[in-house]
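J.: Structure in C-alpha cells, see below.
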Amino acid sequence: MSSTTAPLPAYRDPSEGDVVIRTSDQVDFHVDQRRLVDVSTVFADILSIPQPPSTGSASVKKPVIDVSESSALWYKLLPLIYNDSEPLLNSNSATWLSTQSISPPHSLSSCRCNSASLFYNLTVGQQFPIRRSWLDYLQKMKDIVAINPCGDNACSAFLLEPVIKDAEACTSCANRIGMEAFIFCMNVKAKIEEAISEVPFVFEP
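Everything in the sequence shown is counted per this note's numbering, starting at 2 for the first residue and increasing by one.
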C-alpha cells in the first residue's frame with residue numbers, strides 16, 4: 002500500500018521562503034524576505050545586516066530571525082502580513098489584543114490597521130445596506146396600516162412581489178428570498194398585532 006504524507010501547516014515547509022522566523026517556543030516559519038521587508042522597516046533593517054553562516058542543517062541556508070513571541074501568535078499574524086486571509090477572532094478579543102502587542106515592536110502598522118477593522122466588525126457588527134425594495138415595502142406597509150390596522154397586511158402579495166422580483170436579480174439572494182421574505186413578513190405581522198393589542202378600545206353607548 003502506498004503511504005501519503007500529510008501536508009505541512011502553512012509557513013512550515015522548509016522548501017518555501019528564504020528566511021526563517023523562529024518563535025519563543027522554537028517553531029520555525031519559512032517566509033519570504035521580500036514580503037517582510039515590504040510590510041516592516043524593522044525586518045528591513047534586520048535583513049540588511051549580513052547574516053552569519055547557518056549553524057543548522059546543511060540543507061537549510063536561510064537567515065534566522067529569533068522573535069520573542071509564541072508560534073500561536075505568529076500563526077495569526079502571518080496571514081495578515083501575506084494578505085492570505087483574515088484570522089479568526091474569538092469573542093473575548095484575546096487574539097486581536099495579541100496581534101496588537103506584536104505589531105508595534107516589529108513596525109507592522111498595516112497589520113495593526115487590518116486587525117483593528119476585524120475587531121470593529123467583531124464588536125459592532127458588519128453593516129449591510131438595505132435594499133430599496135424593502136424600504137418601499139416598509140413605507141407602503143406604514144401607509145396601509147395607518148388606514149387598516151391589521152397584521153395580515155404584512156403578508157400581502159401586493160407588498161412582497163416587488164421585493165421578491167428585485168432579489169431574484171441577485172445571484173446570492175435568489176435562492177433565499179422566498180424563505181427570508183416569509184420570515185420577515187411574519188415578524189412584521191407579529192409586531193403589528195402586538196402594537197394593536199396595546200391600544201385600548203373604548204365603547205360608548
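The beta carbon of each residue, even a glycine, is placed where N, CA and C say it ideally should be.
Given this structure, state the Cα-to-Cα distance separating Thr24 from Trp75, to the nearest angstrom.
T.: Thr24 and Trp75: Cα-Cα distance of roughly 8 angstroms.
J.: Just how far apart, CA to CA, sit Ile197 and Lys190?
T.: About 11 angstroms.
J.: Tell me whether Val200 sits in a helix, a strand or coil according to DSSP, three-state version.
T.: In the structure shown, Val200 sits in coil (DSSP, three-state: anything other than H, G, I, E or B).
J.: In three-state terms, what does DSSP make of Arg23?
T.: It is a strand residue.
J.: Leu160: which of Ala73, Phe204 and Ile145 sits nearest, CA to CA?
T.: Of Ala73, Phe204 and Ile145, the residue nearest in Cα terms is Ile145.
J.: Among residues of its own chain, excluding the 5 on either side of Gly18, which ones have a beta-carbon nearer than 6 angstroms to its beta-carbon?
T.: Here the set comprises His31, Val32 and Asp33.
J.: Pull up the distance between the alpha-carbon of Met187 and that of Ser157, whole angstroms please.
T.: Taking the straight line from one Cα to the other gives about 11 angstroms.
J.: Can you tell me whether Val209 is buried or exposed? The criterion is at least 16 other CB atoms within 10 Å of its CB, across all chains shown.
T.: Lying before the first or after the last residue shown, residue 209 is absent from the chain, which here runs from 2 to 206.
J.: Looking at the structure shown, is Val32 part of a helix, part of a strand, or coil, going by DSSP?
T.: DSSP places Val32 in strand when its eight states are reduced to three.
J.: Which residues share a DSSP beta bridge with Val65?
T.: Partner(s): Val21.
J.: Drop a sphere of 10 angstroms on the beta-carbon of Phe183, count the other beta-carbons inside from all chains shown, and report buried for 16 or more, exposed for fewer.
T.: So Phe183 counts as exposed.
J.: Between the alpha carbons of Lys143 and Val38, how many angstroms are there, rounded?
T.: Distance between the alpha carbons of Lys143 and Val38 is about 58 angstroms.
J.: Are the beta-carbon atoms belonging to Gly152 and Glu194 less than 8 angstroms from one another?
T.: Yes, Cβ-Cβ distance for Gly152 and Glu194 is below 8 angstroms.
J.: Where do the N-terminal and C-terminal ends of the alpha helix (DSSP H) with Pro8 fall, by residue?
T.: Run containing Pro8: none; DSSP gives neither H nor E here.
J.: Less than 8 angstroms between the beta carbons of Val20 and Pro64, yes or no?
T.: A contact, by the Cβ cut-off of 8 angstroms.
J.: Classify Asp14 as helix, strand or coil using the three-state DSSP reduction.
T.: Coil.
J.: Given a threshold of 16 other Cβ atoms within 10 Å of its Cβ, counted over all protein chains shown, does Ile66 qualify as buried or as exposed?
T.: It is buried - the Cβ of Ile66 has at least 16 other Cβ atoms within 10 Å.
J.: Roughly how many whole angstroms lie between the Cα atoms of Glu162 and Ile22?
T.: Approximately 58 angstroms, taken between the alpha carbons.
J.: Taking the C-alpha atoms as reference points, what is the distance between Pro105 and Asn154?
T.: Low per-residue confidence applies at Pro105: pLDDT is 49, beneath 50, and the placement is therefore not dependable, though the value from the model is reported in the following sentence. In a straight line, the C-alpha of Pro105 is about 57 angstroms away from that of Asn154.
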